[in-house]
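Trainee:
In my numbering, the protein residues as written are 48 to 393.
Spelled out as C-alpha cells, the structure:
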C-alpha cells in the first residue's frame, strides 16, 4: 500500500482535510459529493481503483467542507462552483503545485472542468468519469427534489436509496456498508445541501474553454448520471476523447473496476520516449526550487533537514525529490545526483 499523509488546509477559520499518497507527478481528484479520507480507503475496491489509476503519480484527494475529516460547518456561501474552484486553487497553492493532472468524477468533474477553464496553464491532463454538463439534466423534473427531501427527512432510508442508485444494484451487504459510510461522512442536512449543489452545477458555458488534453469515460448504464450527459461533455470539450464502458454502477470502484482503470490510464500512463526507455532523458528541465532541493540532496541532507533549511514541509520536499528522480530517470537519490552531475545540473 502506498504511503499516505493527511494534512489540513486552512480555509478562513475552517480546515479542509486532504491526503497525499504515493510519489511522482501530481494527480489531483476534486472532492466528490460525500467522502471520508480515512473510511473510504478501508474499502478494498476503492483501494484497488485508486492504486491502479494513480500508479506512478502522487495522488491528492480531499474532503470538501461539511463532510469527512474536514470541518463539518457548511455555509450557504460554500455551495457554488466558484467556491469549489477556489478551494482547489488554494490546495494547489498550499502544495506549491504549478501544473497538475486532474481526475474528476461525478460532481467533482464539474470542479475539474471549471478549474481547467479558468486556469488552463495549471492543468496538464484532464480525466473525467461519470461527468455531466448541467446538474438539472441528471434526473427528471421533481425527482431530484424528492431524493433531497428523503435524505433530509430520514438519512438512514435516504442513504440506502442513494446506495442503490450509485452502486447499480449488486451485493446488498456492500450497499449497506456504503450507506453506513455516507451516514458517518456527513449529517443528513449537509448531505442534502450538497446533493442540491450537485443538481445545480452547470458548466456548459465552460466546456469550450478547456484547453487541456481531455479524456471522458462513462458507463453506458450509469444509474446516477445518464450516459448521454458524458457524451455531451466530450462533444463540447475541444479535442476530447470519449471512452464508453459497459456497466451500471456510478462509482468507478464498483462493477468492472479494471475496465475503468484501463480507460483512465489511456490518458494518465506516463509517456515514454525511446531515449527515456534507454535510461537517457531527452531533456531535463528543473525548476528553480527543484535545483535548490537537488543541491541539498547532493550535500547528503535528509528530507527533514532540507525542509528545515528551505522552510518547507517535509511532504513538499519529498514530492520535489520524487519529481527530480523522475525527470532524471533514476530510481534513487544517489543515482539522481550522479546523473545531474553528468548533465551539468550541479
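Glycine is no exception: its CB is placed at the ideal position from the N, C-alpha and C atoms.
#1: Going by beta carbon distance, what residues of the same chain come within less than 8 Å of residue 93, once the five residues before and after it are set aside?
#2: Could you have a look at residue 120 and say whether DSSP puts it in helix, strand or coil?
#3: Can you tell me where the alpha helix (DSSP H) with residue 76 in it begins and where it stops?
#4: Three-state secondary structure (DSSP) at residue 326?
#5: Terminal residues of the continuous alpha helix (DSSP H) containing residue 16?
#6: Any idea what DSSP makes of residue 291, helix, strand or coil?
#7: Could you give the distance in angstroms between the alpha-carbon of residue 362 and the alpha-carbon of residue 133?
#8: Report all residues from its chain with a CB closer than 7 Å to the CB of residue 248; omit the five preceding and five following residues, and keep chain order.
#9: Does the region 277 to 284 come close enough to the region 226 to 238 that 3 or more CB-CB pairs lie under 8 Å?
#10: Go ahead and label residue 203 buried or exposed: buried means 16 or more other beta carbons lie within 10 angstroms of its beta carbon, across all protein chains shown.
#11: What are the residues that DSSP puts in a beta bridge with residue 107?
#12: In whole angstroms, what is the alpha-carbon distance linking residue 304 and residue 224?
#13: With three or more C-beta pairs closer than 8 Å as the rule, is the region 62 to 76 touching the region 268 to 279?
#14: Between residue 207 and residue 226, which are expected to be in contact by the criterion C-beta below 8 Å, what is the C-beta distance as a whole number of angstroms?
#15: Under the three-state reduction of DSSP, which class applies to residue 143: helix, strand or coil?
#16: Rounded to whole angstroms, what's the CA-CA distance from residue 243 to residue 195? Just pull it up for me.
#17: Nearest to residue 447 by CA position, among 381, 148, 210 and 187, is which residue?
Mentor: The answer reads as follows:
#1: Once the five neighbours on either side are set aside, the close Cβ partners of residue 93 are 87 and 300.
#2: Residue state, collapsed to three classes: coil.
#3: Element bounds for residue 76: not the alpha helix (DSSP H) but the beta strand (DSSP E), 73 to 76.
#4: Model confidence at residue 326 stands at a pLDDT of 44, short of 50, so the residue's coordinates are unreliable and nothing is read from them.
#5: Residue 16 lies beyond the range of the chain shown here (48 to 393); nothing can be said about it.
#6: strand
#7: 22 Å
#8: Result list for residue 248: 128, 154, 157 and 182, in chain order.
#9: no
#10: exposed
#11: 67 and 75
#12: 18 Å
#13: no
#14: Contact flag correct, Cβ pair sits at about 5 Å.
#15: coil
#16: 7 Å
#17: Because the chain is modelled from 48 through 393, residue 447 falls outside the range shown and cannot be assessed.
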